[in-house]
Amino acid sequence: MHTWYQSEVPNIIKLDPNAAAVYRDHAAILQEVATNQTKLATDPILTPAQGQGVRTMYQKLVDESTANVQQLTLMASDKTTMSEAEQRQFVAGVADKEKKQLELVRYYTKRTAFGIDQETRKKNQKKINREVWGM
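Residue numbering for the sequence shown follows our numbering, beginning at -10 and increasing consecutively.
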């Protein structure tokens, strides 16, 4: 038997699907950031300050997600005085916050990529106008 099930971690954490969802969403956030942060932050259309802004925002989003996981971990490692119903409600609340955090990370990625794409198109259009019209 896995040590997780033999540990003193409350059953609410081990067995509640919402607890698993927190960890799954946190992993998805980390994957989203790992996949997109460097690509977006180093795009040549961005200034170094803008690239650093992208990195800073991703770090803030990851930190907020990590805080959600830490809340759950703290409850699991602490001898809580909450009833099982209160624990379930707490875990559900953390799961909801983490789901919203994942949605926020995905939104930020799409918004940033769209902004970069728009700036790239503007730059290319200006170049074409200069070549065609001498402007």
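Just so it is clear, CB atoms sit at the ideal spot from N, CA and C, and this is done for glycine as well. For clarity, every value in this text was computed on a predicted model and none was experimentally measured.
Option in the options with minimal Cα separation from residue i
i: T62; options: V83, V43, G42, Y47; result: V83
i: K86; options: L50, K115, T69, G104; result: L50
i: I34; options: W122, V22, Q107; result: Q107
i: T98; options: Q60, R110, G42; result: G42
i: S54; options: Y12, G104, Q114, T101; result: Y12
i: R44; options: D14, T27, E75; result: T27
i: V94; options: N7, A17, K3; result: A17
i: T36; options: T109, Q114, W122, G123; result: T109
i: A10; options: D32, N57, D52; result: N57
i: A102; options: W122, N25, D52; result: N25
i: D5; options: L91, L29, F79; result: F79
i: A23; options: G40, I2, Y47, D14; result: Y47
i: G40; options: I105, Q76, A8; result: I105
Residue i in three-state terms, based on DSSP
i: G123; result: coil
i: L35; result: coil
i: D52; result: helix
i: D14; result: helix
i: M(-10); result: The predicted position of M(-10) is uncertain, since its pLDDT is 40 and thus under 50; a value taken from the coordinates is nonetheless stated next. Reduced to three states, the DSSP call for M(-10) is coil.
i: L4; result: helix
Those runs of the beta strand (DSSP E) which lie wholly inside the region 62 to 115 and span at least 3 residues: none
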